[in-house]
Ligand SMILES: Nc1ncnc2c1ncn2[C@@H]1O[C@H](COP(=O)(O)OP(=O)(O)OP(=O)(O)O)[C@@H](O)[C@H]1O
Ligand SMILES: [Mg+2]
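Numbering (my numbering), first residue to last: 385 to 829.
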């Protein structure tokens with residue numbers, strides 16, 4: 385590939401990055417694929433091609449910015465653009481400029497508020513918070529210095545891990561969109577060190593170093609596995625192992641639900657257990673702002689007429705009486721059609737340990753499979769992190785990712801034999817256990 389001023393040889397992925405069209409284009413995954421090189425060159429090509437364009441290139445710290453971009457750009461742009469150290473800007477003869485900046489603290493991003501850049505490059509985007517990303521999207525607009533029309537856009541490079549892991553993964557890897565976000569605006573190009581012949585040839589020990597990393601870090605950094613980074617609470621969760629395409633479940637398999645109710649988010653999971661003991665999560669409800677009665681009705685309406693749900697294990701706080709009505713949440717749900725509610729065993733650390741056993745992959749059949757339609761559970765489970773204060777527990781922030789895993793924890797705890805021994809005592813007065821046979825109904829599968 386030749387431009388009038390630069391002679392460059394991009395690899396296939398870099399070429400794809402150069403040619404991608406979208407509002408947000410991320411180039412990410414494994415280390416060393418040539419992402420920073422591609423970012424630098426792309427921005428220079430844009431500056432040369434489009435007279436008067438304003439471009440901002442950001443990294444988290446000044447040291448990283450200097451090493452990674454200022455020095456290489458100064459070398460590359462001798463005779464092409466003038467560098468102004470005071471403002472950290474490259475000024476091109478055609479009126480274009482590339483400004484380099486950094487955002488050490490979260491609030492540093494505010495200095496770009498009110499400014500306009502047709503193009504923003506975010507290097508190591510996973511080192512930026514979602515708040516910073518959102519603030520920057522507001523500055524990503526036409527600056528008024530260009531004569532031609534131009535669609536503003538952002539380019540991102542990223543590796544798994546870091547404070548921004550979740551939002552980058554959600555938007556570009558999982559592709560789960562909320563509110564006004566549109567799938568077609570987000571492009572993701574997966575990088576691999578094996579794309580970068582230059583690095584493999586010139587610096588073979590780079591690959592050797594990656595191969596020598598501890599397993600989790602290696603999977604994140606060499607294989608670009610977004611479900612696996614240090615700090616992940618369930619590193620054993622693997623999409624290929626723990627999810628499956630939906631299939632028609634045999635009628636005789638016992639089914640039940642697990643519910644984590646909250647007005648901020650209600651998560652209900654439907655599960656079935658195979659005769660060999662494998663739990664299949666086959667449906668999920670994950671919805672905000674459902675009042676109790678509506679949540680109960682939604683769960684009932686999603687349950688098929690011939691599906692025999694044996695019980696709904698639900699967070700015990702549902703049995704607290706509400707000040708306004710004097711009724712408990714469980715009573716309200718029951719009067720709206722959701723019967724068979726039982727208090728979940730909500731011990732956290734024991735519950736997570738049991739869930740870890742379900743996820744354990746010993747080479748044979750794993751004990752937990754999730755239908756691939758249950759997108760929220762599949763997205764949230766690998767995002768859980770260790771809690772900094774109680775290392776055996778997982779962190780309850782960000783709060784919105786905890787609902788689906790908590791429901792799953794109630795589900796696996798309800799399959800512990802001891803749960804059924806306690807069942808008559810923990811059932812509320814509406815729970816329809818009247819005879820030993822009836823109790824067996826909950827146990828015999
Ligand atoms: N097409 C290319 N032509 C020449 N050199 C290249 C090319 N692509 C990458 N390189 C060189 O390969 C090395 C690694 O590339 P780069 O730093 O861009 O990778 P990266 O994906 O950003 O790595 P990291 O994940 O560590 O940030 C650098 O020395 C870079 O200049
Ligand atoms: Mg880089």
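The C-beta atom is built at its ideal place from N, Cα and C for all residues, glycine as well.
(request) Less than 8 Å between the CB atoms is what I'm expecting for residue 751 and residue 663, so what's the real figure, rounded? (result) Along the chain shown, one-based indexing puts residue 751 at 367. Along the chain shown, one-based indexing puts residue 663 at 279. Yes, they are in contact, since the Cβ atoms of residue 751 and residue 663 sit about 6 Å apart, within 8 Å.
(request) Over the uninterrupted alpha helix (DSSP H) stretch that includes residue 551, give me the two end residues. (result) Walking along the chain shown from the start, residue 551 turns up at place 167. 549 to 552 is the span of the alpha helix (DSSP H), which, as asked, contains residue 551.
(message) Is residue 415 a contact residue of ligand 1, with contact defined as CB to any heavy atom under 6 Å?
(response) In the chain shown, counting from the first residue as 1, residue 415 sits at position 31. Shortest gap from the CB of residue 415 to any heavy atom of ligand 1: under 6 Å.
(message) Applying the 10 Å Cβ sphere with the 16-neighbour rule, what's the burial state of residue 790?
(response) Translated into the one-based positions of the chain shown, residue 790 becomes position 406. The residue is buried, with at least 16 neighbouring Cβ atoms inside 10 Å.
(message) Can you list, in chain order, the residues of its chain with a C-beta nearer than 7 Å to that of residue 693? Leave out the 5 residues immediately preceding and following it.
(response) Position 309 of the chain shown holds residue 693. Excluding sequence positions up to five before and after residue 693, its CB lies within less than 7 Å of the CB of 639, 640, 641, 687, 724, all in the same chain and listed in chain order.
(message) Counting C-beta neighbours from all protein chains within 10 Å, is the total for residue 697 16 or more, i.e. buried, or is it exposed?
(response) Walking along the chain shown from the start, residue 697 turns up at place 313. Classification of residue 697: buried, given that the 10 Å Cβ count is 16 or more.
(message) Tell me the DSSP secondary structure of residue 803 in three-state form.
(response) Position 419 of the chain shown, counting from 1, holds the residue named residue 803. Here residue 803 sits in helix by DSSP.
(message) With H, G and I counted as helix, E and B as strand and the rest as coil, what does DSSP make of residue 485?
(response) Within the chain shown, the letter at position 101 stands for residue 485. Residue 485 carries a strand assignment under DSSP once its states are collapsed to helix, strand and coil.
(message) Count Cβ pairs between the region 412 to 428 and the region 394 to 402 that sit closer than 8 Å; are there 3 or more?
(response) Yes: at least three Cβ pairs fall under 8 Å.
(request) Give the secondary structure of residue 413 by DSSP, where H, G and I count as helix, E and B as strand, and everything else as coil. (result) Against the chain shown, residue 413 aligns to sequence position 29. Of the three classes helix, strand and coil, the one that applies to residue 413 here is strand, per DSSP.
(request) Would you kindly work out how many angstroms separate the C-alpha atoms of residue 654 and residue 770, rounded to a whole number? (result) Taking the first residue of the chain shown as position 1, residue 654 is located at position 270. Taking the first residue of the chain shown as position 1, residue 770 is located at position 386. Taking the straight line joining both Cα atoms gives about 26 Å.
(message) So, under 8 Å CB-CB, residue 518 and residue 512 are touching, yes? Tell me the CB distance rounded to an integer number of Å.
(response) Within the chain shown, the letter at position 134 stands for residue 518. Within the chain shown, the letter at position 128 stands for residue 512. Not really, about 10 Å apart at Cβ, beyond 8 Å.
(request) Starting from residue 770, trace the beta strand (DSSP E) both ways and give me its first and last residue. (result) Reading the chain shown from its first residue, position 386 is the one you call residue 770. Per DSSP, residue 770 belongs to no beta strand (DSSP E) and is neither H nor E.
(message) Give me the pocket residues for ligand 2, defined as CB within less than 7 Å of any heavy atom, sorted by chain position.
(response) Those satisfying the condition are, in chain order, 419, 420, 452, 507, 508, 541.
(request) Measure the CB-CB distance between residue 398 and residue 413 and report whether it falls below 7 Å. (result) Translated into positions along the chain shown, residue 398 becomes position 14. Translated into positions along the chain shown, residue 413 becomes position 29. No Cβ-Cβ contact shorter than 7 Å links residue 398 with residue 413.
(message) I'd like the span of the beta strand (DSSP E) that includes residue 654, first residue to last.
(response) Numbered from its first residue, the chain shown carries residue 654 at position 270. Here the beta strand (DSSP E) through residue 654 covers 650 to 657.
(message) Using a 10 Å radius around the Cβ and a threshold of 16 neighbouring Cβ atoms, would you call residue 813 buried or exposed?
(response) Sequence index remark: in the chain shown, residue 813 carries index 429 (1-based). Per-residue confidence for residue 813 stands at a pLDDT of 35, beneath the threshold of 50, marking its modelled position as unreliable; the derived number appears in the next sentence. Exposed: under 16 other Cβ atoms inside 10 Å.
(request) Go ahead and pull the three-state DSSP assignment for residue 450. (result) Translated into positions along the chain shown, residue 450 becomes position 66. Helix.
(request) Grab me the residues of residue 649's own chain with a C-beta within less than 8 Å of its C-beta, minus the 5 sequence neighbours each way, in chain order. (result) Your numbering for residue 649 matches position 265 in the chain shown. So the qualifying residues of the chain are 670, 671, 672, 784, 787.
(message) Closest to residue 541 by C-alpha separation, out of 735, 745, 427, 499, would be which residue?
(response) Here residue 541 refers to the residue found at position 157 of the chain shown. In this structure, 427 is the residue among 735, 745, 427, 499 with its C-alpha nearest to the C-alpha of residue 541.
(message) Taking the beta carbon of residue 660 as the centre, do at least 16 other beta carbons fall within 10 Å, making it buried, or is it exposed?
(response) By one-based count along the chain shown, residue 660 stands at place 276. Burial state of residue 660 is exposed, judged by a 10 Å Cβ sphere holding fewer than 16 other Cβ atoms.
(request) Compute the Euclidean distance between the alpha carbons of residue 496 and residue 431, then round it to the nearest angstrom. (result) Counted from its first residue, the chain shown places residue 496 at position 112. Counted from its first residue, the chain shown places residue 431 at position 47. Going from the Cα of residue 496 to the Cα of residue 431 covers about 20 Å.
(message) Within 8 Å, do at least three Cβ pairs link the region 475 to 494 to the region 429 to 443?
(response) With the cut-off at 8 Å, the region 429 to 443 and the region 475 to 494 touch.
(message) Here's the rule I'm using: 16 or more other beta-carbon atoms within 10 Å means buried, otherwise exposed. How should residue 773 be labelled?
(response) Working through the chain shown from its first residue, we reach residue 773 at position 389. Exposed: under 16 other Cβ atoms inside 10 Å.
(message) Between residue 657 and residue 738, how many whole angstroms is the CB-CB distance? I'm expecting something under 8 Å.
(response) Counted from its first residue, the chain shown places residue 657 at position 273. Counted from its first residue, the chain shown places residue 738 at position 354. In fact, because the Cβ distance is near 14 Å, the residues do not count as touching under 8 Å.
(request) Throw me the rounded Cβ distance for the residue 537 and residue 407 pair, which I believe falls under 8 Å. (result) Counting from one through the chain shown, the residue named residue 537 turns up at place 153. Counting from one through the chain shown, the residue named residue 407 turns up at place 23. With a contact defined as Cβ atoms closer than 8 Å, residue 537 and residue 407 qualify at about 6 Å.
(request) Report the option in 677, 394, 451 whose CA atom is closest to the CA atom of residue 709. (result) The residue you call residue 709 lines up with position 325 of the chain shown. Comparing Cα positions, the closest option is 677.
(message) Rounded to the nearest angstrom, what separates residue 711 and residue 702 at their Cα positions?
(response) Reading the chain shown from its first residue, position 327 is the one you call residue 711. Reading the chain shown from its first residue, position 318 is the one you call residue 702. If you take the alpha carbons of residue 711 and residue 702, they lie about 10 Å apart.
(message) Excluding the 5 residues flanking residue 514 on each side, which residues of the same chain have their C-beta closer than 8 Å to its C-beta?
(response) What you label residue 514 is simply residue 130 of the chain shown in a count that begins at 1. The residues are 548, 550, 551.
(request) Consult DSSP for residue 684 and reduce its assignment to one of helix, strand or coil. (result) In the chain shown, the residue the question calls residue 684 occupies position 300. It is helical.
(request) Look at the Cβ atom of residue 757, then the Cβ atom of residue 630, and state whether they are nearer than 7 Å. (result) Locating residue 757 in the chain shown gives position 373, counting from the first residue. Locating residue 630 in the chain shown gives position 246, counting from the first residue. Yes, the pair counts as a contact, with Cβ atoms nearer than the cut-off.
(message) For residue 731 and residue 442, I'd like the C-alpha separation in whole angstroms.
(response) Along the chain shown, one-based indexing puts residue 731 at 347. Along the chain shown, one-based indexing puts residue 442 at 58. Straight across, the Cα-Cα distance linking residue 731 with residue 442 is about 44 Å.
(request) Alpha carbon to alpha carbon, how far is residue 634 from residue 706? Give it in angstroms, no decimals. (result) Along the chain shown, read from residue 1 onward, the residue named residue 706 stands at position 322. Along the chain shown, read from residue 1 onward, the residue named residue 634 stands at position 250. Rounded to the nearest angstrom, the two C-alpha atoms are 40 Å apart.
(message) Less than 7 Å between the beta carbons of residue 612 and residue 603, yes or no?
(response) Numbered from 1 along the chain shown, position 228 holds the residue referred to as residue 612. Numbered from 1 along the chain shown, position 219 holds the residue referred to as residue 603. Using a Cβ distance threshold of 7 Å, residue 612 and residue 603 count as a contacting pair.
(message) If we require 4 or more residues per run, which alpha helix (DSSP H) segments fall completely within the region 533 to 602?
(response) Fully contained in the region 533 to 602 are the following alpha helix (DSSP H) runs of length 4 or more, in chain order: 549 to 552, 581 to 586, 588 to 595.
(request) At 4 residues or longer, and completely inside the region 707 to 754: list those alpha helix (DSSP H) runs for me, N to C. (result) For secondary structure counted as the alpha helix (DSSP H) over 4 or more consecutive residues, the region 707 to 754 holds these complete runs in sequence order: 713 to 719, 732 to 743.
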